[in-house]
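Chemist: Got a structure here, written out as structure tokens. Questions coming.
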Amino acid sequence: MTQTMVINVNGQDQTIEAEPDSMLLYALRDNLGLHGPKFGCGLSQCGACTIIMNGVALHSCVTPLAAAQGQKITTLEGLSENGKPNPLQQAFIDEQAAQCGYCINGMIMTAQALIERKPHASRDDIKAALQGNLCRCGTHMRILRAVERVTTPQAQQGAGQ
Amino acid sequence: MSAARQIPSLARRGFLQATGGLVVSFALFGTSEAASSLLPIGHVQNPPDAAKLYAWLAVHPDNTATLYTGKVEVGTGAQTALAQIAAEELDFPVDRLDVVMGTTSQTVNQGPTYGSMTIRYAGPQIRAAAAAGRAALLEQAATHFATTADNINAKDGVFSVKNAAQKTITYGALVAGKQLDVTIGATGAGFAMKVAPQAKLKDPKNYTVVGRFVPRKDIPAKVTGAFTYVQDVKVPGMLHGRVVRPYGVNATLISVDESAVKSIPGFVQLVRRDNFLGVVCTSEWSAIKAAEALGAVLHPKGPAAYPAKWSDWNGLPAMDDIWNVVRAGAGKTTAVANTGSVDNAMGDAKRTLKATYQTPFQMHGSIGPSCAVADVSKDRAIFWSGTQMPHEDRHDIAKLLGMQPDQLEIRWFEASGAYGRNGLDHAVADAAIMSQAVGKPVRVQWMRWDEHGWEPKGPPIAQDLAAAIDDKGKVTAWTHHMWIPTFLDTTLVAAALIGHPNRVGSVGLGVPAITYAYDFDNADVTSHGDGRVALRTSWLRSPAQYETTFAMEAFIDEVAAATGEDPLAFRLNHLKDPRAIDVLQAAAKQYGWQPRAALGKAPADGKPAHGRGIAWANRDDSRVATIVDVIVDPASGRIRVTRVVVAQDCGLVINPDGIRNQVEGNVIQSISRTLHEEVMFDRANVTSRDWIGYPILRFDEVPDSIEVVIVNNDPKYPSYGAGEPSTCPTAAVISNAVFDATGARLRQLPFRPDRLKAALTQS
Ligand code: FES
Ligand code: FES
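So, in structure tokens, the structure goes:
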């Protein structure tokens, strides 16, 4: 049976009807229409479903909905400020850091949590943080450069031009 | 102009054609939402007539425009590049040009999106259509200003009368409210279609948009979560389906006990047809739980452990015997090169070298498992799909369902990158069967284990090579025989499961996937290929040519080492292809290549050893040369690629950053394939069912740098493909660098630590 639950997503309390043993990912995507987090594996192996809960990057595919009640959840959609990409999202645009883009939610959310914890993270820090995030298109070089645009802005370089 | 805008513009045309009959205008409607009523469900129509301008372009009163193409975006940036080509000929701002792709009712079939052929073949079609569109508009402008066309300038979507600064009008304003029915002409079909043969094309000297950096149209929506992937499509009344695949590849379903899932909240229906088993529920989570309860995950206890009981099928070959099976199965022989007499030269040789190269099944490994939504009713069916071939799928799925293609429509939405043909087309078939059974729209997404287990794989390949060297150290003979099972298997999993394996597509033959360009006096390059071996296959990025380039370019290195020559000089001495020479020299220059023979010495006292390697390929007329540095750690058996230099000649470049993005992606993906990837299977089925069982490269192994040099970017060349070529040299170049560093020669993919350690003890 479904149950009524309240979760706080991107600063707002949301009431949803869902199976209590269900995972947070499906509530975000199917009940709330937030498509930033993606289903990749459902096994905590790829990072496509990453969200930030109370400042920590988490795999929403294995986060029980019940455990998300009362917590502060941020999705990719919630990073944008007044409808504008936040600095990290803008850095991904500036570096043209996506191919299919299916992994990019996880890359940005994981890196965002890192930056909030460690604003001047080094390349090694970034790699270590993103180690659990898979990208099949091979966008890794651009993803690293995009994150570095925020962590070490003086070293930034432009895409393409 | 984000990709999210696709949906209103799709709707615009749906409305137009649904109400406007056959006279379709170049611009009938504004962009107001009033016109954007959604395509009515149940409304199916055929692709537009390629000979009409409206099939390709629409200009809207707000001076935006839409390009329609049967090609699709697969993450490579083709959408933006095709927009650049159209904007260039149309003299229209590229950021005001939206692109609608793939949807069968709204686009012309320009052939599937694969094989690095989009820019090469669809580019000229779109270029001609846009040029014809500009000419039609120019004529309108001349009438509007009561002058002649040659008295009018076109720039950035605005016409102006020469020497009359105040006389200007936007394209949008010019056509607002008018009906234009322009015939531009088209002959042929698919890749070979000729569009608007009379169109006068711009001189590439005057290009201002083609060849420039233009930001990709899809990226802003992809990084903010606004993008609609096929995985995100929601249709009113939609249910959720999951598949329960056979335990063994060809196992039969003996029985299924519905009571095991009936009590799951949200359960709607089991869908069983022969060996096809699926479960439909009201929510995704219920469907996942039900499929797992039925045994969708391979269980160590075997095929009878769950309520869905499968026969105990064990018909696959043993994994370590697979290359013998490949050789034994070969039937069709194709000579790629046959010059002189190899036998004589081998007989006269002072020295001969021989080697065997083996490569395993590999998978596409999309990060997002395949997904589709189907809405099938008795006399029409609509699908939402991320397929790379929507127009072909329309015909295939019609066959599967026993319907006519004109009763079907595929609405295309981008999916997770597929790099060939993964499970996307198969998911459409699964959704079709489930929707037909329940009479409601059904969304099916494969689970990770379904994707790993059932996506069609790149086939295993065996290759034997030999060379003869005479007493002066000259290479006198070269043989390369390859055994390549088919990678053209277009049969659908679901069709086989419902007992009609031959209803859709065909298994296909092996094809020689190699471009041999060396000039040895006596050469025998032969491919032996045939149909399916063990698992269903399909094209996987640079199909088979990644593997044949591995063998050819690593063995060239073996021969160069045997004659004590610098591997770059050896190649240059035996090649006449000027564009091959160009890329090799450009890569060498960027790298700072110093001539010397490969060192090939065992590392002293087990310390990490450094090496360099070079290789090149001609993939469908693009040339690419790669040089890498590696560090090999004999203790752990690990190989790290530290520096990569790629010189690529794909002719005239549309978007240089697009090329760089593709090269970086190809390089990283192919390093992953080279170091890690091998599909494991037992006698029943694939056992690599997740990212632990099929590891791919992670951030700790990313090279320090990938440098890309673009060569021969010149309008005297057409635009060739960039989506695949730089995958080809990677396995060879790493094998060559490992040899340089350690003297160990790796001839079997992947170069896992155990293989490297074994090779080190032999060297
Ligand atoms: S989908 Fe959650 S980690 Fe892969
Ligand atoms: S961009 Fe496609 S998976 Fe990362």
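From first to last, the protein sequence lines are chains A and B. The first sequence begins at 1 in the working numbering and counts up one residue at a time. The second sequence begins at 1001 in the working numbering and counts up one residue at a time. Each residue gets a CB set at the ideal place from its N, CA and C atoms; glycine is no exception. Note that the structure is a prediction, hence the values are computed from the model and not measured.
#1: From leucine 1294 of chain B to valine 1261 of chain B, what does the alpha carbon distance come to, in whole angstroms?
#2: Answer yes if the region 131 to 145 of chain A comes into contact with the region 1358 to 1368 of chain B, meaning at least three C-beta pairs across the two stretches below 8 Å, and no otherwise.
#3: Is cysteine 61 of chain A near ligand 1, with its Cβ less than 7 Å from a heavy atom?
#4: Counting only beta-carbon separations shorter than 8 Å, does isoleucine 170 of chain A have a partner in chain B?
#5: Going by C-alpha distance, which of B:Thr1687, B:Val1158, B:Ala1128 and B:Arg1411 is nearest alanine 1142 of chain B?
#6: Can you determine whether any heavy atom of ligand 1 sits closer than 7 Å to the C-beta of glutamate 45 of chain A, and answer yes or no?
#7: Spatial neighbours of asparagine 86 of chain A within its chain, please: CB distance less than 7 Å, with the 5 preceding and 5 following residues excluded, ordered by chain position.
#8: Considering only the beta carbon of each residue, do aspartate 1464 of chain B and histidine 1481 of chain B sit closer than 8 Å?
#9: Can you tell me whether phenylalanine 1751 of chain B is helix, strand or coil according to DSSP?
#10: Roughly how many whole angstroms lie between the Cα atoms of lysine 1607 of chain B and threonine 1761 of chain B?
#11: Looking only at its chain, what residues have a beta carbon closer than 7 Å to the beta carbon of glycine 1637 of chain B, apart from the 5 residues adjacent to it on each side?
#12: Between alanine 1304 of chain B and tryptophan 1310 of chain B, what straight-line distance do the alpha-carbon atoms span, to the nearest angstrom?
#13: Please check the pair glycine 1241 of chain B and alanine 1431 of chain B, which I expect to be a contact at CB under 8 Å, by giving their CB distance rounded to whole angstroms.
#14: Is aspartate 165 of chain A helix, strand or coil when you go by DSSP?
#15: Spatial neighbours of isoleucine 1254 of chain B within its chain, please: CB distance less than 8 Å, with the 5 preceding and 5 following residues excluded, ordered by chain position.
#16: Can you list, in chain order, the residues of its chain with a C-beta nearer than 8 Å to that of threonine 1687 of chain B? Leave out the 5 residues immediately preceding and following it.
#17: Using a Cβ-Cβ cutoff of less than 6 Å, which residues in the same chain neighbour arginine 1394 of chain B once the five nearest sequence positions on both sides are dropped?
#18: So leucine 1239 of chain B and valine 1438 of chain B are in contact, right, with Cβ under 8 Å, and what is the actual spacing, rounded?
#19: If you measure from the CB of cysteine 41 of chain A, is any heavy atom of ligand 1 nearer than 7 Å?
#20: Going by DSSP, name the residue or residues bridged to lysine 1332 of chain B.
#21: Taking only beta-carbon atoms, is proline 1750 of chain B less than 8 Å away from chain A?
#22: Can you check whether the CB of isoleucine 52 of chain A is closer than 8 Å to the CB of glutamine 27 of chain A?
#23: Indicate the three-state DSSP secondary structure (helix, strand or coil) for proline 1656 of chain B in the structure shown.
#24: Could you name the residues that DSSP lists as bridge partners for alanine 1308 of chain B?
#25: Pick helix, strand or coil for isoleucine 1706 of chain B, following the three-state DSSP scheme.
#26: Excluding sequence positions up to five away, which residues of its chain have a Cβ less than 7 Å from the Cβ of lysine 1538 of chain B?
#27: Look at the alpha carbon of serine 1527 of chain B and the alpha carbon of leucine 1509 of chain B, and state the distance between them as a whole number of angstroms.
#28: Suppose you measure from the CA of glycine 36 of chain A to the CA of threonine 1224 of chain B; what does that come to, to the nearest Å?
#29: Could you check which residue in A:Met5, A:Leu24 and A:Gly11 has the C-alpha nearest to that of glutamate 17 of chain A?
#30: For chain A, is any of its Cβ atoms less than 8 Å away from the one on valine 1074 of chain B?
#31: Chain A beta carbons: is any one of them nearer than 8 Å to that of leucine 1038 of chain B?
#32: Just grab the DSSP bridge partners of tyrosine 1068 of chain B for me.
#33: Given a cut-off of 8 Å, decide if alanine 1744 of chain B and valine 1738 of chain B are closer than it, judged by their beta-carbon atoms.
#34: Isoleucine 1840 of chain B by DSSP, collapsed to three states: which one?
#35: Measure the Cβ-Cβ separation of leucine 1572 of chain B and aspartate 1740 of chain B and say whether it is below 8 Å.
#36: Measure from the C-beta of glutamate 1664 of chain B to each C-beta in chain A and report whether the shortest distance is under 8 Å.
Modeler: With the given structure in hand:
#1: Each residue's Cα considered, the two are about 7 Å apart.
#2: Yes, the region 1358 to 1368 of chain B touches the region 131 to 145 of chain A.
#3: Remark: the shortest separation between the CB of cysteine 61 of chain A and any heavy atom of ligand 1 falls under 7 Å.
#4: Residue 170 of chain A lies beyond the stretch modelled for chain A, which goes from 1 to 161, so this question has no answer here.
#5: When only C-alpha atoms are compared, the closest one is B:Val1158.
#6: Note that residue 45 of chain A is glutamine in the sequence shown, not glutamate. At least one heavy atom of ligand 1 is nearer than 7 Å to the Cβ of glutamine 45 of chain A, so yes.
#7: Taking C-beta separations shorter than 7 Å and ignoring five residues to either side along the sequence, the partners of asparagine 86 of chain A in its chain run Leu79 and Ser80, following chain order.
#8: The Cβ atoms of aspartate 1464 of chain B and histidine 1481 of chain B sit closer than 8 Å to each other.
#9: The DSSP-derived three-state label of phenylalanine 1751 of chain B is coil.
#10: Inter-residue distance for lysine 1607 of chain B and threonine 1761 of chain B is about 15 Å (C-alpha atoms, whole angstroms).
#11: Cβ within range, chain order: Pro1753, Asp1754, Leu1756 and Lys1757.
#12: Answer to the nearest angstrom: the Cα atoms are 6 Å apart.
#13: The beta-carbon separation of glycine 1241 of chain B and alanine 1431 of chain B, rounded to 7 Å, stays under the 8 Å limit for a contact.
#14: Coverage of chain A is limited to positions 1 through 161, which leaves residue 165 of chain A absent and any answer about it impossible.
#15: Correct list, in chain order: Lys1309, Trp1310 and Ser1311.
#16: Within the same chain, threonine 1687 of chain B has close Cβ partners Leu1298, Met1680, Phe1681 and Gly1693.
#17: In chain order, Thr1104, Pro1405, Leu1408 and Ile1410 place their CB closer than 6 Å to the CB of arginine 1394 of chain B, counting only its own chain and leaving out the 5 sequence neighbours on each side.
#18: Confirmed, Cβ separation roughly 6 Å.
#19: In this structure, cysteine 41 of chain A has its CB closer than 7 Å to one or more heavy atoms of ligand 1.
#20: According to DSSP, which records beta bridges pairwise, lysine 1332 of chain B is partnered with B:Gly1529.
#21: With its beta carbon at least 8 Å from every one in chain A, proline 1750 of chain B lies outside the interface.
#22: The amino acid at residue 27 of chain A is misidentified as glutamine; the sequence shows alanine. One thing to note: alanine 27 of chain A has its Cβ no nearer than 8 Å to the Cβ of isoleucine 52 of chain A.
#23: Correct three-state label for proline 1656 of chain B: helix.
#24: In the DSSP secondary-structure assignment, alanine 1308 of chain B is bridged to B:Val1256.
#25: If DSSP states are grouped into helix, strand and coil, isoleucine 1706 of chain B belongs with the strands.
#26: Here residue 1538 of chain B is serine; the residue named in the question, lysine, does not match the sequence. Short of 7 Å from the beta carbon of serine 1538 of chain B, and not among the five residues preceding or following it, lie these beta carbons of its own chain, in chain order: Gly1420, Arg1421, Pro1456, Phe1487 and Asp1489.
#27: If I take the Cα positions, the gap works out to 11 Å.
#28: Distance from the CA of glycine 36 of chain A to the CA of threonine 1224 of chain B, rounded to the nearest whole angstrom, comes to 7 Å.
#29: The shortest C-alpha separation from glutamate 17 of chain A is found at A:Met5.
#30: Taking 8 Å as the threshold, the shortest C-beta distance from valine 1074 of chain B to chain A falls below it.
#31: Low confidence applies to leucine 1038 of chain B: its pLDDT is 38, below 50, so where it sits in the model is not reliable enough to give any reading.
#32: Answer is B:Val1100.
#33: At the C-beta level, valine 1738 of chain B and alanine 1744 of chain B come within 8 Å of one another.
#34: No information on residue 1840 of chain B is available, as it lies outside the stretch 1001 to 1763 that chain B covers here.
#35: No, these two residues do not count as a Cβ contact at 8 Å.
#36: Contacts with chain A at 8 Å (Cβ-Cβ) include glutamate 1664 of chain B.
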